[in-house]
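Residue numbers (our numbering), protein chains in the order written: chain R, 4 to 216; chain S, 4 to 216. Each residue gets a CB set at the ideal place from its N, CA and C atoms; glycine is no exception. First up is the structure itself, then whatever we jot down about it.
Number of protein chains: 2
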Amino acid sequence: MTGRRQEIRERNRLSLIEAVLDSVAEKGISETSVSEIIQRANLSRGMIHLHFGGKDNLVDEAARYSSEQYYNGIYDLLEATGQTGQEHIEMIVRGDLSETILNKKNVSIWYAFRGEARNRAAIAAFSDTRDAKLRNLVFNAFARIAKETGTEHPNQVARDATHGTLAMLEGMWTDYLLHPDSFDRDEAMRIVFRFLRAMFPKHFDLNGAVLSE
Amino acid sequence: MTGRRQEIRERNRLSLIEAVLDSVAEKGISETSVSEIIQRANLSRGMIHLHFGGKDNLVDEAARYSSEQYYNGIYDLLEATGQTGQEHIEMIVRGDLSETILNKKNVSIWYAFRGEARNRAAIAAFSDTRDAKLRNLVFNAFARIAKETGTEHPNQVARDATHGTLAMLEGMWTDYLLHPDSFDRDEAMRIVFRFLRAMFPKHFDLNGAVLSE
DNA sequence: GATTTAAATGGACGATTGTCCATTTTGTGA
DNA sequence: TCACAAAATGGACAATCGTCCATTTAAATC
């Protein structure tokens, strides 16, 4: 009646997924073997086949789970902010570069899966950091900003600003991947906002990152 | 006397490296086995041990070689351009997004190695797309531009512009990785230059990408 | 052309891979 | 408490992994 059985089952299932993510983060994909996974999850060898039908499916599921965690993190932040375009943008940029989201483990996992994306459709589907939903949020925020500036082609400007901003954030992640210890979050933020301020002087004038010079 | 012996030896060595890169591009790192490599190179099993002492060393060397190819491509372009800051920047951006450098094979290889970078120091050393040399080139170009604008802190502005521009290019590469068929080079270029125009209106006004709206 | 020797071959080897199922364990309902 | 069934176990299995070396091939030297 307690459903204890199903509860244990689901806990084990999740243990396997988290074991994969831990292993991928620490050892990389190529060293994430079945033996490695079941050892970390402290479960028996047959569990992978039982729960996922095979190792590949488990890894795909781990990629999906990891991606979901990322988006949940971002969306949670957005609910705690104001409604103006610049507030949204600022929160997304700040969140994307925050310790909670941009940290060694997440970055290791993210890039490990990216490396496999080209050869595994299931992984490619979950390795786009900037999915349609997030893109739309950013676009709508920029569209509001662009319209307020009275520019000639606000949608086109907003589209380009979205694309460029998300690309720049991607690049910052890569910086962090390659130089995690010398990476400076404030600097990254300041740079993104310097570009945004250049495009929308009235909206990002005193906002955003530390404006040190 | 002809050195025919050494010539064959070096050709075989190179065949192994190129076989690794082909395999990594087509099948990914995890499926790039010794058997796969020697089959592509049409050489015998022992050659890897003979030339490189083991598979790992060969893969590291392939990463180094691939990185070298990238930089040579960029530097070649720079020699064929003018000397103003904006000409340099434009050539680097244009080159970085050109078919010669940004194509499916290169991107597959690059991201495959990136995925391993965190766990293999030898690969990490060669997976920084924007090494000190290239960074300096970009920085010097922006420094000249910034000084001409008479801004207050030209070096700081140039540093940020360098960081932001290279980050944005990284992001464009990721776009290409994940959506190679819908990726639009002109659009990517236009966006980069839209940001640069916002920061340096006088220098990128009529330059760079197609200015369609 | 004979000799020397560097280069290349290809299979043997033990270790490790992922899959799968006969068996055991354990929660659930009678 | 017992019988049932779902869940978990752990080892057998063939396949594949990378390494290494005894042997063969062929370029270089005499």
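With residue i and residue j assumed to form a contact (beta carbons below 8 Å), what rounded beta-carbon distance in angstroms separates them?
i, j, result
"S:Met175", "S:Ala164", "At roughly 16 Å, the Cβ-Cβ gap does not stay under 8 Å, so S:Met175 and S:Ala164 are not in contact."
"S:Ser70", "R:Leu181", "At roughly 12 Å, the Cβ-Cβ gap does not stay under 8 Å, so S:Ser70 and R:Leu181 are not in contact."
"S:Ile92", "S:Ala144", "5 Å"
"R:Lys108", "R:Ala28", "5 Å"
"S:Ile126", "S:Ala120", "5 Å"
"R:Ala65", "R:Leu24", "5 Å"
Can you name the residues of chain R whose CB is closer than 9 Å to the CB of residue i?
i, result
"S:Lys136", "Residues of chain R passing the Cβ test: none, with the nearest at roughly 15 Å."
"S:Asp59", "Chain R residues near S:Asp59: none, gap ~11 Å exceeds 9 Å."
Consider the C-beta atom of residue i and the heavy atoms of the ligand NAD; say whether any pair is separated by less than 7 Å.
i, result
"R:Gly118", "No copy of the ligand NAD occurs in the structure displayed, which carries no ligand at all."
Thinking C-beta only, is residue j closer than 8 Å to residue i?
i, j, result
"R:Phe207", "R:Thr152", "no"
"S:Leu19", "S:His52", "no"
"R:Arg147", "R:Gly98", "no"
"R:Arg117", "S:Gly118", "yes"
"R:Pro157", "R:Ala170", "no"
"R:Ser33", "S:Ser33", "yes"
"S:Leu46", "S:Asn75", "no"
"R:Leu137", "R:Ile77", "yes"
"S:Glu173", "R:Thr103", "no"
"S:Gly167", "R:Ile194", "yes"
"R:Phe198", "S:Phe142", "no"
"S:Leu81", "S:Arg188", "no"
"R:Ala115", "R:Gly49", "no"
"R:Val110", "R:Tyr179", "yes"
"S:Ala83", "R:Ala201", "no"
Could you name the residues of chain S that residue i contacts, counting a contact when the two beta carbons are closer than 8 Å?
i, result
"R:Lys30", "Asn122"
"R:Asp63", "Under the 8 Å cutoff, chain S gives no residues; its nearest Cβ is about 14 Å from R:Asp63."
"R:Ala127", "Leu181"
"R:Ile77", "Ordered by position in chain S, no residue passes the 8 Å Cβ test against R:Ile77, which lies about 17 Å from the chain."
"R:Ile148", "Ordered by position in chain S, no residue passes the 8 Å Cβ test against R:Ile148, which lies about 13 Å from the chain."
"R:Asp220", "No answer is possible for residue 220 of chain R: the residues shown for chain R start at 4 and end at 216."
Going along chain R, which residues have a C-beta under 8 Å from residue i?
i, result
"S:Ala201", "Phe198, Ala201 and Met202"
"S:Ser69", "Near S:Ser69 there are no residues of chain R at all, since even the closest Cβ is about 14 Å away, more than 8 Å."
"S:Asp25", "Near S:Asp25 there are no residues of chain R at all, since even the closest Cβ is about 13 Å away, more than 8 Å."
"S:Ser130", "Leu181"
"S:Ser33", "Ile32, Ser33 and Glu119"
Which residues of chain R have a Cβ atom closer than 7 Å to the Cβ of residue i, listed in chain order?
i, result
"S:His166", "Ile194"
"S:Ala115", "Gly118"
"S:Ser111", "Arg121"
#### Entry: 4 or more residues per run - each alpha helix (DSSP H) lying fully within the region 21-98 of chain R
The qualifying runs are 37-44, 50-55 and 58-82.
### Message
What are the residues in the region 92-104 of chain R lying within 7 Å of chain S by C-beta distance?
### Response
Cβ contacts with chain S come from no residue of the region 92-104 of chain R.
#### Entry: Residues of the region 169-190 of chain S with Cβ closer than 9 Å to any Cβ of chain R, in chain order
The residues in question are Leu169, Ala170, Met171, Leu172, Glu173, Gly174, Met175, Trp176, Thr177, Asp178, Leu180, Leu181, His182, Pro183 and Glu190.
### Contacting positions in the region 35-50 of chain R - beta carbon closer than 7 Å to chain S
Those residues of the region 35-50 of chain R that come within reach of chain S (Cβ to Cβ, closer than 7 Å) do not exist; the list is empty.
### Query
Quick one: complete alpha helix (DSSP H) runs, 4+ long, within the region 109-176 of chain R?
Entirely contained in the region 109-176 of chain R, the alpha helix (DSSP H) runs reaching 4 residues are, in chain order, 124-127 and 135-152.
### Query
Taking the runs of the alpha helix (DSSP H) that are 4 residues or longer, which of them lie wholly in the region 178-207 of chain R?
Counting only runs of 4+ residues, the alpha helix (DSSP H) found wholly inside the region 178-207 of chain R occupies 188-202, in chain order.
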